[in-house]
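In our numbering, the protein residues as written are 16 to 96.
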């Protein structure tokens, strides 16, 4: 079961948002590497981690405004979460 945390509508500065986007890219890379090795549990954990980072980003901004800062893989993952 997935629990959605309440949106606090807090402002996150641009640098923090860029750092979160970088973390999302790193997690996506690690997830794809684990997926290529058929490591199911790490893939599951990284899915959760990516979801948490995306939730943090969405709490501060409209998801559509983030698309310019994230690469295609992260955008595809964002669509699934």
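Glycine included, every Cβ here is placed at the ideal spot set by N, Cα and C. For clarity, every value in this text was computed on a predicted model and none was experimentally measured.
For residue 46 and residue 37, the gap between their C-alpha atoms comes out near 14 Å. The beta carbon of residue 50 is closer than 7 Å to those of 58 in its chain, skipping five residues each way along the sequence. Here the C-alpha atom of residue 54 lies approximately 11 Å from the C-alpha atom of residue 61.
For residue 62, the uninterrupted alpha helix (DSSP H) run begins and ends at 55 to 75, by DSSP.
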